[in-house]
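Using UniProt numbering, the final residue of the sequence shown is 481, and nothing's skipped along the way. Each residue gets a CB set at the ideal place from its N, CA and C atoms; glycine is no exception. Below: one structure, written as structure tokens.
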Amino acid sequence: MARVSDVEFIRSQRDTRDYRRIILPNSLQVMLISDAEIDKAAAVMRVSVGAFSDPDGINGLAHFLEHMLFYASEKYPEENSYSKYITEHGGSTNATTGSESTNFYFDVNVDNFNEALDRFAQFFVKPLMSADAVNREINAVDSEHKKNLLSDNCRMYQLYKHLSSKDHPYHKFTTGSIETLDVGPKEKGLDIREELLRFYSENYSANLMHLTVYGKECLDSLQSLVESLFSDVTNTENRLFKCPGNPCTEEYLQILVKAIPITEGDYLKIVWPTTPSIEHYKEAPHHYLANLIGWAMGLMAGAGSDSNEYSFFSVSIRLTDEGHDHMEDIVGIVFKYIDLLKGSEIHKWFFDELVAMCETEFNYQDKCQPLNYALFVNGTMPFFPPEEWLVGESLPSKFDPILIQKKLDELSPDKVRIFWESKKFEGSTDLTEPWYGTSYSVQKITPDTIKQWKNNAPDADLHLPEPNIFIPTDFTLHAPN
């Protein structure tokens, strides 16, 4: 029998769903969501093992395993019968492999949910990975990689990673290809199927899994269903992967990278490695600064991360042809505004406005599709206390000016990485990223260079915002006179 946790979930004012947290005897943590109004049910499983755990010399093994689990299981041995069942009953299914997790999910018509969940559970109970299927799926992974070769997002992401410490897992190529999953292992005398089975048995442990089930039935029925299907998932008491901190050593800071994209368009991305944003989700210093910089300059700013051990704060700008000719001015203006923030008071009223907007958005959010909601809730489960699983980091509540100042101090010229994409660099680059073939060049930029850019930048009338009198605070409904 599962252990039921007595949790009082923080929830939005209009939320009519029922929730229950249970922990199965094998330590698998489950969030049950019951909603009588839905016509599609959904489930999401997060396994806290991802591409950072790829064995040395077998790049893409975690992603390859994600593919293989869709094929067949001991209980349902017909190949691709899981995906076929989902599709035939009005549903969709997919999976993603991240740096530190692999996520599987589906939705389906509510009348077919029980069998769909049974088929889904077999991914984690007794999958089949026949030698023939393994060989065929290598080609599918390789096709995905070849398609990604034409994606500037994929190419630039790999370039960000390439320009990092070679000893850090962030540096790895993680999609996989014929070279990394077939040719390379054979040259080392490795059987890729045996490596798959070993990786699965060593890493796919119930204590590293979080399951979210969103159904139409009552919570008791959903609990019985989950207990019957997922209690046989093996628990090897595997330890959670521990990422070794910031991947950007001194060699890869204070750099200006010029890269040639596949498609037309000039883009500028100014990036700083920072302390993990999730450590201070209630104080939300990254959110505070992203809102200020975004407001002042009309551009995208914010924190992102592949890990809980580091984050990247970035400012992204799409350049016009004229903007291309004034890149130094643009970077100078960004740093001018950061200097303005560093020299100004950290305003509680601005934080209070941020809190008010977040609370309004949370309490009056529209009801989204079951799968999207299940994905959101599942994404909070490994990182937040159970009572905050419906909230995550969406409700900042603690004003901490010292923490905001520390985050500001991290946005310094001596830690910056600037990535500049343009077709205009054709013929002037001297380096090639090995996995995607992106042509690029790297030059060092010192804090003195940034200082010169700031001094030369035009006066952009930079200033802090005034208090916003239009943020609503009273949502009382009044009858007409």
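So if DSSP puts residue i in a beta bridge, which residue, or which two residues, is it bridged to?
{"i": "M45", "result": "F104 and L211"}
{"i": "E421", "result": "A259 and Y267"}
{"i": "I445", "result": "Note: I445 sits in no beta bridge, so no partner."}
{"i": "T96", "result": "N103"}
{"i": "A303", "result": "F313"}
{"i": "K40", "result": "N109"}
{"i": "D35", "result": "DSSP lists no partner for D35."}
{"i": "V30", "result": "I22 and L211"}
{"i": "S73", "result": "P127"}
{"i": "S439", "result": "T432"}
{"i": "T274", "result": "S311"}
Taking 7 Å as the threshold (C-beta atoms), are residue j and residue i in contact?
{"i": "I33", "j": "R21", "result": "no"}
{"i": "C248", "j": "P273", "result": "yes"}
{"i": "S277", "j": "A303", "result": "yes"}
{"i": "D306", "j": "S99", "result": "yes"}
{"i": "residue 520", "j": "E179", "result": "For residue 520 there is no data in the structure shown, the boundaries of the chain being 1 and 481."}
{"i": "S177", "j": "Y252", "result": "no"}
{"i": "T429", "j": "Y440", "result": "yes"}
{"i": "F419", "j": "V257", "result": "yes"}
{"i": "F335", "j": "P169", "result": "no"}
{"i": "T93", "j": "F106", "result": "yes"}
{"i": "Q122", "j": "S73", "result": "yes"}
{"i": "L222", "j": "M45", "result": "no"}
{"i": "I10", "j": "E388", "result": "yes"}
Between the options, which has its C-alpha nearest residue i's C-alpha?
{"i": "E144", "options": "H63, P273 and H324", "result": "H63"}
{"i": "A42", "options": "P370, L319 and M300", "result": "P370"}
{"i": "D339", "options": "D220, R417 and L462", "result": "L462"}
{"i": "H280", "options": "K126, P386 and L395", "result": "L395"}
{"i": "H347", "options": "E115, H89 and P285", "result": "P285"}
{"i": "D56", "options": "Y105, L181, P382 and N456", "result": "L181"}
{"i": "T96", "options": "E361, M31, E426 and G379", "result": "G379"}
{"i": "H229", "options": "D142, Y157, A290 and L117", "result": "First, the residue type needs correcting, since residue 229 is Leu and not His in the sequence shown. Here the closest residue by C-alpha is L117."}
{"i": "Y337", "options": "P385, S412 and F399", "result": "S412"}
{"i": "S27", "options": "G50, M1 and V7", "result": "M1"}
{"i": "E78", "options": "I262, M31, S48 and R119", "result": "R119"}
{"i": "V271", "options": "Y160, K40 and Y204", "result": "Y160"}
{"i": "F241", "options": "V4, S205 and K166", "result": "S205"}
{"i": "A36", "options": "L149, F312 and G215", "result": "G215"}
{"i": "G298", "options": "E322, V108 and I330", "result": "I330"}
{"i": "E264", "options": "V315, S422, G50 and P185", "result": "S422"}
What residue range is occupied by the uninterrupted beta strand (DSSP E) comprising residue i?
{"i": "V4", "result": "R3 to S5"}
{"i": "V315", "result": "S311 to L319"}
What are the start and end residues of the alpha helix (DSSP H) that includes residue i?
{"i": "D430", "result": "Note, D430: premise wrong, no alpha helix (DSSP H); not H, not E."}
{"i": "Q158", "result": "D152 to H162"}
{"i": "S165", "result": "Element bounds for S165: n/a, residue is neither H nor E."}
{"i": "T360", "result": "K348 to N363"}
{"i": "T380", "result": "P370 to T380"}
{"i": "Q405", "result": "P401 to E410"}
{"i": "Q223", "result": "L219 to F230"}
{"i": "P244", "result": "Taken as a continuous stretch (DSSP letters only), P244 belongs to no alpha helix (DSSP H), as it is neither H nor E."}
{"i": "R193", "result": "I192 to N203"}
{"i": "K216", "result": "Note, K216: premise wrong, no alpha helix (DSSP H); not H, not E."}
{"i": "D15", "result": "Looking at the DSSP string, D15 is not in any alpha helix (DSSP H), and its letter there is neither H nor E."}
{"i": "Y337", "result": "M327 to K342"}
Within 10 Å of its beta-carbon, does residue i have 16 or more other beta-carbons around it, so buried, or fewer, so exposed?
{"i": "N246", "result": "buried"}
{"i": "V183", "result": "exposed"}
{"i": "Q13", "result": "exposed"}
{"i": "N291", "result": "buried"}
{"i": "T175", "result": "buried"}
{"i": "N456", "result": "exposed"}
{"i": "W448", "result": "According to the sequence displayed, residue 448 carries Asp and not Trp. D448 is exposed by the Cβ-count criterion."}
{"i": "N59", "result": "buried"}
{"i": "A301", "result": "buried"}
{"i": "V4", "result": "exposed"}
Is there a Cβ from chain D that is less than 7 Å from the Cβ of residue i?
{"i": "T234", "result": "Among the chains of the structure shown, chain D does not appear; only one protein chain is present."}
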